[in-house]
Amino acid sequence: MGVLLAILLAFDIGAQNRLVLGGRHGWPGKRTAFDITPTGSLQLREYKPYQNILQMLDKKDEEGVVWYPDGWEDRRVDYDKSCGLPPELSGYVEGEDPRVWRWNPHPIMFDGDPRTAHTLPLSLMRAPHRENYVFDTGVPVRVNRFVFYPKWSDELIKPGNWYAGSPFYESYMRQYIVSASLYNEPPSPLRFPADPEPLDFVLEKNMANYKKVVNIEFPLKPLRFFMLDSRSKDYGFTLAEIELYGQGFSPEAWYTSKIIDLKGPMNFGRIFYDLKKFRWRKEWSWKEPEEPGEYSELDLGRKSVRELWEERLIDPVPVEDPDAPVRVEVKVRTGKDDTPLIYYRTDDMLDERGEVVSREEYLSLGVRRVEFDRTHRPYVGMRGIIEPDRDNWSDWVTVEASGEEVGIPDVRRYIQFQVRMYSEDPWAFGRLDSVWIELSPPLADKILGEICVEGDPRPEEGVAEVEVGMDTSFVLALKASAPGRKEVFDAVRIFTPVRPKFEELRIGGKQENRDSLHVGDRYLEVFLPRKVGDDEPVEVRFRTAVLSYSTNFFAEVW
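Per our numbering, the very first residue in the sequence shown carries number 1; after that it's consecutive.
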């Protein structure tokens, strides 16, 4: 019976260094629902009942929180270049970045200013119509209050409008349904129905509202998608702000590092991380003010006054609890260049994957007539597709446990990390002190290797055949490609199907005495008398038997 032979080569790492994130090294990159402790750890964010969660979302520029306009169909586009994020962290990320079912990345109802408002026609000459406000917080948030209110101004509404002569804060929504969901995503604006069904959880339905500030309270739960459906077909209204409030620690948080330049190709070893789990139980209660008029009607209505919330600590300090329902997921990928994305320019054939360009050139190109709406045809020279660069970047690989060596490609110059943390309990949180990986420069640019049956270096059809189970002599030939280096490796390890036997060592075509030898049940280690350098051939002759068809010999050098 014939057996096909092949060899797989690797080279061990040399002197090890570490790349560390966390502590004094910081967490350069993009954080979502994570806070950094004074000691430099990543920790799940805590929500307090007087803080508007929508103003705490992390993706911001000089105008405030950046909401991805879901009407823009091409979500890969690098639309938010003004956020101050590096190229690899900009653009929309599904499940992390906030979205709004509008066309503006800075909707007026999320700007934090009660004096500015979205206005449904107040003019008596224009028929009011039903309006929906739909948004996605990106990562789930732990909430128990949904608040909205009209333009908060003493300015009087002019004649010829609904509520003429009244202050603007009287132009509140008279009818509404508020609903939310954790997983059920509403349709995009281009396909949004005229009469949408509520989302999974109806938080409140009110067809006769008489409150200027609507404060809907419900049991604390993680939610992500929200819809305010105005049913005020007979009256216009203004909407100044939508706000969310909650308690406890974030149910989910993301961290994505910047692309880290290692200043040269590196080999990668084990990855470690240090996660601690805690519980910190609290109770919050709202007390009404003692003096009437001490606080504004707006602040009391939305319960945003810090000193009117009483905090009772069930646990005086955070208690470390290894059994707390908190978990972390660490991922890593490596690359040959400084961006994991490919940018395209639309070519003469209107192919949106026409010509590869740099990010800088891409951002200088024109866009569709209605930006990112694919109902409009492309044109020559327009921004094309952005897609992952799978030729030069590996996929994300999950680190299953701290101290594990994962299968990411070696001899890469660039590396990127991602951390996701989850908590199933509002009063349980995780703290990640650091993430680090072992690094070392490669011994050579590459190691070339061949194995053959002794005396038959060029078998017919390029395939060596031997008898199963028969002791046979093999020759492993190695050569390092390391221009300018005279000392690359001085040890060879060969893995074999059964216990091998060393026969001969040759360096540069001449027989040499080995320095030392170690033989195991399924491997052979040969230590050379000196380090060999670039383009210097090494041959190791040994005997072993093969036990199955298409046997691979695996070898390492160091």
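Just so it is clear, CB atoms sit at the ideal spot from N, CA and C, and this is done for glycine as well.
Over the uninterrupted alpha helix (DSSP H) stretch that includes Y362, give me the two end residues. 359-364
Relative to the C-alpha of V141, which candidate in S434, P483, E96 has its C-alpha closest? E96
What's the gap between the Cα of E454 and the Cα of F502? 13 Å
Which first and last residues belong to the beta strand (DSSP E) in which G301 is found? First-last for G301: 297-301, but that is the alpha helix (DSSP H), not the beta strand (DSSP E).
To the nearest whole angstrom, what separates the beta carbons of D535 and K479, a pair I think is in contact under 8 Å? 6 Å
Return the bridge partner residues of K277 from the DSSP annotation. G430
Could I get the ranges of all uninterrupted beta strand (DSSP E) runs contained in the region 179-265, with 3 residues as the minimum, in chain order? 201-206, 214-230, 237-239, 241-245, 252-257
When you compare only the Cα positions, how much space is there between I342 and P388? 6 Å
Proximal residues to T32 (C-beta, below 7 Å), its chain only, five neighbours per side dropped: D58, E96, G138, V139, A253, W254
Check whether the Cβ atoms of S257 and P28 lie closer than 8 Å to each other. yes
Ordered along the chain, which non-local residues of its own chain (more than five positions away) have a Cβ less than 6 Å from that of Y79? Caution applies to Y79, whose pLDDT of 47 falls short of 50 and renders its modelled position unreliable; the model cannot decide the point.
Quick check: I507 and L528, are their CB atoms within less than 8 Å of each other? yes
Helix, strand or coil for R24 per DSSP? helix
S285 classed as buried or exposed, judged by whether at least 16 other C-beta atoms fall within 10 angstroms: exposed
Can you tell me which of Y362, D425, F135 puts its alpha carbon nearest to the alpha carbon of R281? D425
Hey, out of G248, P292, G40, whose CA is closest to R312's CA? G248
Using only CA atoms, which one of D471, I447, W427, Y295 lies nearest to I314? W427
Indicate the three-state DSSP secondary structure (helix, strand or coil) for E504 in the structure shown. strand
Check for me: the beta strand (DSSP E) holding V419 runs from which residue to which? 412-423
Assuming Q43 is part of the beta strand (DSSP E), what are its boundary residues? 42-44
So which of G64, M207, W558 has the shortest CA-CA distance to V488? W558
Would you identify the three-state DSSP class for Y169, choosing helix, strand or coil? helix
On the three-pair Cβ rule with 8 Å, is the region 215-224 touching the region 154-168? no
Run through DSSP, which three-state label would M382 get? strand
Count the other CB atoms, across all protein chains shown, that sit within 10 Å of the CB of L21; report buried if there are 16 or more and exposed otherwise. buried
If you drop the 5 nearest sequence neighbours on each side, which residues of the same chain put their C-beta closer than 8 Å to that of G533? A480, A482, R485, K486, E487, V488
By DSSP's criteria, T544 is part of a beta bridge. Which residues make up the other side? T472
List the residues that DSSP assigns as beta-bridge partners of P69. V100
Where P251 falls, given that 16 or more other Cβ within 10 Å makes a residue buried: buried
Secondary structure at L524, three-state DSSP: helix, strand or coil? strand
Quick one: is R279 buried, meaning 16 or more other Cβ sit within 10 Å of its Cβ, or exposed? buried
When we look at the beta-carbon of M266 and count the other beta-carbons within 10 Å, is it buried (16 or more) or exposed? buried
Could you give the DSSP three-state label for Q511: helix, strand or coil? strand
If distances are taken between C-alpha atoms only, which option among S153, S364, F148 comes closest to M173? F148
Report yes if the CB atom of V526 is closer than 8 Å to the CB atom of V492, and no otherwise. yes
Less than 6 Å between C-beta atoms, sequence neighbours within five positions excluded: which residues of the same chain meet that for R75? The predicted model places R75 with a pLDDT of 46, which falls under 50 and marks its position as unreliable, so this point remains unresolved.
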